[in-house]
Amino acid sequence: MVKNASSPRTTRVAPSSQKRPAQLTERRAKTEGRSNAADISAERLSPDATWQRRHLLDLDDFSAAELVVVLDTAGAMKEVLARDVPRVPALRGKTIVTLFYEASTRTRASFELAGKVLGADVINVSAAGSSVQKGEALLDTIRTIQAIGADVCILRHHSSGAPYLAARESSFRVVNAGDGGHAHPTQALLDAYTLRSQLGDLRGRKIVIVGDIAHSRVARSNMWSLTALGAEVVLCGPPTLLPPGLNDAAPDAEERDLPPVRVEHDLDIAIEDADAVMALRLQRERQSGGLLPSLREYARLYQVNGERMAKAKPDAPVLHPGPINEGVEISTEVAHGSRSVVEEQVANGVAVRMAVLYLLLRGEQP
Amino acid sequence: MPPIFILWMGGFIVPKGAVMSADEIRRAIVRIAHEIVEQNEGVSDLMLVGMRTRGVPLAERLATAIREFEGETIGVGALDISLYRDDLSTRGTNVEVRPSEMPQDVADKKLVLVDDVLYTGRSIRAALDALIDYGRPERIQLAVLVDRGHRELPIRADFVGKNIPTAKDDDVLVQLEESDGQDQVIVTERRD
Amino acid sequence: MNKLLIRGGRVLDPAQGVDEGADVLIVDGQVAAIGGDLDVANTEVIDANGLVVSPGFVDIHTHLRDPGQEYKETIATGTEAAARGGFTTVCCMPNTEPAIDTRATVEYVLRTAMSGHVRVLPIGCVSRGREGHELAELADLADAGCVAFSDDGSPVADGALLRHAMEFASISGLKVIDHCEDLAISDGGVMHEGWVSTRLGLRGQSAAAEETAVARDIAVAAEAGLPLHLAHISTRASTDLVRAAKQRGLPVTAEVTPHHLTLTHNVVAFGENGNRDNDTLLYDTNTKVNPPLRSADDVAACVEALREGVIDAIATDHAPHADYEKACEFDEAAFGISGLETAFGLCMTLVHSGALELPTLIERLTAGPVRALGLQRSVPNLGSLVEGAHGDVVLLDPAAEWTVEPERFASKGKNTPLACRTLKGKIVATLYNGKVVWSEERVEV
Chain A
938 MVKNASSPRT
948 TRVAPSSQKR
958 PAQLTERRAK
968 TEGRSNAADI
978 SAERLSPDAT
988 WQRRHLLDLD
998 DFSAAELVVV
1008 LDTAGAMKEV
1018 LARDVPRVPA
1028 LRGKTIVTLF
1038 YEASTRTRAS
1048 FELAGKVLGA
1058 DVINVSAAGS
1068 SVQKGEALLD
1078 TIRTIQAIGA
1088 DVCILRHHSS
1098 GAPYLAARES
1108 SFRVVNAGDG
1118 GHAHPTQALL
1128 DAYTLRSQLG
1138 DLRGRKIVIV
1148 GDIAHSRVAR
1158 SNMWSLTALG
1168 AEVVLCGPPT
1178 LLPPGLNDAA
1188 PDAEERDLPP
1198 VRVEHDLDIA
1208 IEDADAVMAL
1218 RLQRERQSGG
1228 LLPSLREYAR
1238 LYQVNGERMA
1248 KAKPDAPVLH
1258 PGPINEGVEI
1268 STEVAHGSRS
1278 VVEEQVANGV
1288 AVRMAVLYLL
1298 LRGEQP
Chain B
227 MPPIFILWMG
237 GFIVPKGAVM
247 SADEIRRAIV
257 RIAHEIVEQN
267 EGVSDLMLVG
277 MRTRGVPLAE
287 RLATAIREFE
297 GETIGVGALD
307 ISLYRDDLST
317 RGTNVEVRPS
327 EMPQDVADKK
337 LVLVDDVLYT
347 GRSIRAALDA
357 LIDYGRPERI
367 QLAVLVDRGH
377 RELPIRADFV
387 GKNIPTAKDD
397 DVLVQLEESD
407 GQDQVIVTER
417 RD
Chain C
297 MNKLLIRGGR
307 VLDPAQGVDE
317 GADVLIVDGQ
327 VAAIGGDLDV
337 ANTEVIDANG
347 LVVSPGFVDI
357 HTHLRDPGQE
367 YKETIATGTE
377 AAARGGFTTV
387 CCMPNTEPAI
397 DTRATVEYVL
407 RTAMSGHVRV
417 LPIGCVSRGR
427 EGHELAELAD
437 LADAGCVAFS
447 DDGSPVADGA
457 LLRHAMEFAS
467 ISGLKVIDHC
477 EDLAISDGGV
487 MHEGWVSTRL
497 GLRGQSAAAE
507 ETAVARDIAV
517 AAEAGLPLHL
527 AHISTRASTD
537 LVRAAKQRGL
547 PVTAEVTPHH
557 LTLTHNVVAF
567 GENGNRDNDT
577 LLYDTNTKVN
587 PPLRSADDVA
597 ACVEALREGV
607 IDAIATDHAP
617 HADYEKACEF
627 DEAAFGISGL
637 ETAFGLCMTL
647 VHSGALELPT
657 LIERLTAGPV
667 RALGLQRSVP
677 NLGSLVEGAH
687 GDVVLLDPAA
697 EWTVEPERFA
707 SKGKNTPLAC
717 RTLKGKIVAT
727 LYNGKVVWSE
737 ERVEV
C-alpha cells in the first residue's frame, strides 16, 4: 500500500502478515477487508450498499465503501445547506444531546447546526455550568441523558475511550466528538470529504500530516480513514511529538494493529510531491512540557510555509483542523493563500455531521 | 414471457407478465407531454421535476417530447425525497440520499412532479413538502407512468400513463432504458 | 489431641525438596509428620487422592485497605479471599488511611486480623504518611510486628532516604521493599507505552520508568551492602538488572505478579481472546494496573526470570477497588487488580503451557516469598510442611477447570480482567493452623 519508501530516514509502519496473536486475528481480517474495499469503485456504491452502525466512535474499522456512503450522503446534505431555507424534516422528533467536557466552539456549533437543519431537537450540556462541574461522574450524566430520552449523544471528553464507556453503558447512540488523544472521527470525515472534493479519488495520493501527531486525535482518525480510502499517509514531526510504538525494531512490531503509515522527521523530504498537506494545531504547553525547545525552533523545522509548499504538487491543498496558530504551524501567507481549504473544511463539517446523524438515526423506530 | 421464479426473502416473486411494453411506454409519454402542454396552455413558466430515481429519466423524456412538438426547452429538476420520508423506520437502513437539483428557482413556476408509479401517495406527500421548501410555486401537478391504486392519502395524479389494477401484495416494477437497459413495466406477485 | 490426616495426595514441599505421594499428619494445628504409614487412630481424614498437597501460599504484597478504605476491602474480606486463593499468610501493604506508620496502626491491624481467616503480617511505611520526606519509626514498627517496610503505591523517590531506610531497617533485621517507578519518566502514564497506547490514545508509561528505578535501587543497595526487595517488576530490562545484581552476589530480591506473568498490554484494548465482544476497543479499566501490563516480550522475560529464580516470588499485588472506581473513564480509573482468588489458576496457565514446572510454581508461592522477605524470622518454618511448622496447607487440583465469576469473590474488589475466563487449576481446600478455612464441598473432613 505504501509506495516511495525511499528515504533512508523513513520508517515504514505496516502490519506484517506473520505471527499474529490469536486475539488479533479477527481484527486483522477486518483490516484486510479494508484494503480490498479500497479496490472497489469508491466513486459509486452499489444500490444495496448499507451502513448499519449504532455508534460513531472512530473510523478504525471503516471500509472504503462505508466511508464513501458517509461522504456521498454529505454531498446531498451540502445541497440542503445551500438552500435559502436550509431545513428538512428528516430527524423530526429526534433528540440530540451534545455533552462537551472540553471547550469547543466550532465542533459543537457544527453539530448543533447539523441537528437543527435535519429538524431534530438539540440540547447542549457542557461541563461548565452543569452538574458535571460538581464532580458528577460521567456514568451518572449518561444515565440522566438516557432518562430524558436522547436518541443520540454527541460526546467530547478529555479522556480517551470515554465515548466507548458511554456507548457500552447506555441505550442511545453515541457520536465521538473528540476523546482525549484518541479519535475525532467527524473531523477526519470532513477532512476526507474536503480532500475528495479537491483531489477526487484518494487512491495513491500522498497526504502528509505534519505536527504534534502524538497528542492528536485528528491525526489518529485520519490515519485510519485516509489509508482505508487508499491514500499514502506520511506522518511528519519531531520525534518528541510522534506516538510511541511505531518502531519497527520493537519485539512486538509484528502484532501491531495500527494503520499502514510512514514516518518522516524531515518536512522538506516528507513534503516532496505531496498531493495534500495537513498541518495540526500545536498546543503551546508542549514547550513547557519539555517536548520542544521553542515555538521558534518548531516553526523553523515544521512550519508549512510557501517555500516548503513549492516542493509539494502544484495546487496541493493545505488543511488544518483549526484553530490555527498563525506563524507557528502554518505561515500567514499559506494560511490565507489560495491553497488553504480551512474555511471549506468548516463548511463541510456541517454537511458531514448531518450525514453522520442522518445515517445513525434513520431507520430507528420512533 | 415464461414465468420466472425468484427466491426473494424466503418467498417467491412470480412475474405476471409485462403490462406495458416499450412501445406503450413511448406512446404514453408522448400523450402525457401533449396533455401537460394543453393543460398549462403552453410551456411558459413550466418546469418538470423528476423524483429520484426513475422519475428523473421520465421527466427528461417528457421534456424531450415537448421540445419536439413545441420547439422549446423546459427545465428538468431532480428531487430526492429521502430527507422528507415518513417511513424511514420501515424502509430500514437501505436508503441512499442523493442531492436534489433544481435548474431554476421554483417560485411562481408551474411544476409538474414526475414519478414512475403512484401507489399510497406517501412519496408524493414527501415530494410536495420538499418542493415547497424550495419556494412557492404557482401550482404543482403530478404525472405518473403507472397508477396502481391503493392510495392512503388524498392525492391524485393529473396525468397518468396507464391505470393498472393490482393486489396490495403485488409489486409494480418499472424498468427504463436509462437505468435498467430496457423499457417495460411488469407486475410481480409475491408468494411465500 | 486434635489429629488430622491429609491422605493420599502428592505432597509438594519445595522448602524440603519433597515431591512424593504421601500423607500429612497435623496434630494440634502443627505439622507432625509426612510419610506413608502414619498413626491414624482417632484421626480425622481428608482424602487428597488426585490432589496436590502444598504448604499454604504466602503473599508478600497484598492491599487489605483496612483501616480507612473498608469500602474497598476489610481485613475480614481480604483474608477470606486469601483463603479461597490458597494463601494462608498475607503481608499487607501500609497504604491505608491512616497509613501503617505508627505502632497503633500496626496493633490495630494485628488485633483485627486475629479474627481473620488467615495470617496477616503487616508491612510498615518507610516514610511518615508515605510522603517520602521523613523516616517512620522503623524500629518501633518492627517491635510492633511489622515484617518489612515499604511506601508501596509510591516509590521512595529520594534515593538518600531509601538508603537511610535500609540502614535503619537493618537494625531490626528487616528489609525495605521499593515500588520501582521514576515518576518523572512515567509522567502520569495510565498504561504501558507502546503501540497499544498509541492505538488507544492513552498516555503511556515507558518501561524505562521502572528500569531506571530498579537500576538506582540496586546501586543504592550495593553501596549500602544491605538487602533490598523490589516489588512487582515487569519488564525484560528489569529482570536483566536483577539477574546481573544477583550474579554480583548482591542481596537483591524481586517479585512478580500473576498478571505480569500472563497478560500483555493488548488486553487493555482487545481483551482476552474469544471471551468478550471484541467489536470495539475495550478500554478495560480492570486491566489498569501499576506497573502496567507490558509487551509479550516483557511477559516472556518475567516468566523466564521466575523460572530461573532471578525473580524469587510471585506476589499478587491484590488491589481491590469499589465498582465505581473502575466504572469510569480509563484516565480516572483506579490502578489495581483484585488478584488473590485468581492467582493460582492464572499462574497455572504457565504450567499447562509448559513454561514452568509445577514444583517451581509452588516454590515461588511458598518458600520463595518467605526467603525473599526473611519471614521465617517472624514465623518459624513458614512456607514449609517441615515437622513443627504451622498446619498451613493447601490442596490443589491442577487439572480442574473453573470460570472466574467476580461476583462470587469473597473479596469486595470485583476488579479483575479475567471475568468469564476459564482457568485450569483450582484451590480445593485451604487449612490454616490445621483448620479448614476454605474448602470446596467435595472435601469431607
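Residue numbers (the numbering used here), protein chains in the order written: chain A, 938 to 1303; chain B, 227 to 418; chain C, 297 to 741. C-beta atoms are modelled at their ideal positions from N, C-alpha and C, and glycine is treated no differently. Computed from a predicted structure; not experimentally measured.
- Three or more Cβ pairs drawn from the region 246-263 of chain B and the region 285-303 of chain B lie within less than 8 Å of each other, which places the two stretches in contact.
- Sorting C/E653, C/D335, C/V341, C/G670 by C-alpha distance to the C-alpha of C/G305 places C/V341 at the top.
- Looking from the CA of C/L437, the closest CA among C/G313, C/A509, C/A461, C/S450 belongs to C/A461.
- Among the residues of the region 1106-1125 of chain A, none has a Cβ less than 9 Å away from any Cβ of chain B.
- Per DSSP, reduced to three states, the secondary structure at C/N298 is coil, with no helix or strand assignment.
- Pairing A/Y1295 with A/L1050 gives a Cβ-Cβ distance that is not under 8 Å.
- In chain A, no part has a C-beta under 8 Å from the C-beta of B/S349; the shortest such distance is about 14 Å.
- Counting C-beta pairs closer than 8 Å gives fewer than three between the region 1207-1222 of chain A and the region 600-615 of chain C, which falls short of the contact rule.
- The contact set of C/F626 on chain A, defined by CB atoms closer than 7 Å, consists of S1096, S1097, G1098 in chain order.
- Under the 10 Å beta carbon count, A/H1119 is surrounded by 16 or more other beta carbons and is classified as buried.
- Listed in chain order, the beta strand (DSSP E) runs fully inside the region 1084-1170 of chain A are 1089-1094, 1110-1116, 1143-1147, counting runs of at least 3 residues.
- For the pair of segments examined, the region 391-402 of chain C was found to touch the region 357-368 of chain C: the number of CB pairs separated by less than 8 Å reaches three.
- Taking the Cα of C/H525 as reference, the smallest distance to any Cα among C/K622, C/V599, C/L671, C/Y728 is reached at C/L671.
- In terms of beta-carbon proximity, A/R1218 stays away from the interface with chain C, with every pair separated by 8 Å or more.
- Sequence-distant Cβ neighbours of C/P588 in its own chain, meaning closer than 6 Å and more than five residues away, are M487, H488, Q501.
- Taking the beta carbon of B/R280 as reference, no residue of chain A falls within 8 Å; the closest one sits roughly 12 Å away.
- The Cβ neighbour count for C/G664, taken over all protein chains shown within 10 Å, is at least 16; the residue is labelled buried.
- With respect to the C-alpha of C/A504, the residue from C/L417, C/V472, C/A533 having the closest C-alpha is C/A533.
- Here B/K394 carries a coil assignment [DSSP, helix/strand/coil].
- Here DSSP, grouped into helix, strand and coil, assigns A/T1042 to coil.
- Looking from the CA of C/A453, the closest CA among C/G469, C/V348, C/I473, C/A440 belongs to C/I473.
- Counting only runs of at least 3 residues, the region 1194-1259 of chain A fully encloses the following beta strand (DSSP E) elements, listed from N- to C-terminal order: 1198-1201, 1213-1216.
- Taking the Cα positions, C/E600 is about 58 Å away from A/A1284.
- Closer than 8 Å at the C-beta level to chain A, one finds these residues of the region 485-500 of chain C: E489, G490, W491, V492, S493, T494, R495, L496, G497, L498, R499, G500.
- Less than 8 Å divides the Cβ of B/G301 from the Cβ of B/M273.
- Secondary structure note for B/R293: its alpha helix (DSSP H) is the uninterrupted segment 281-296.
- Going by DSSP, C/V472 is part of the beta strand (DSSP E) stretching over 471-474.
- Close CB contacts of B/D384 within its chain, under the 6 Å cut and outside five residues either way in sequence, are with Q367, L368 (chain order).
- Judged by DSSP secondary structure, A/N1061 falls within the beta strand (DSSP E) whose first and last residues are 1058-1063.
- Closer than 8 Å to the CB of A/V1025 there is at least one CB belonging to chain B.
- Contact annotation: C/Y728 and C/V414 have beta-carbon atoms nearer than 8 Å.
- For the region 326-398 of chain C, the continuous beta strand (DSSP E) assignments of 3+ residues that do not extend past its boundaries occur at 326-331, 340-343, 348-351, 353-358, 383-388, in sequence order.
- The three-state secondary structure of C/N729, taken from DSSP, is coil.
- Here DSSP, grouped into helix, strand and coil, assigns A/I1033 to strand.
- At a cut-off of 8 Å between beta-carbon atoms, A/T1032 makes no contact with chain B.
- Taking 9 Å as the upper bound on Cβ-Cβ separation, chain A lies near residues D355, A356, D359, Y360, G361 of the region 355-366 of chain B.
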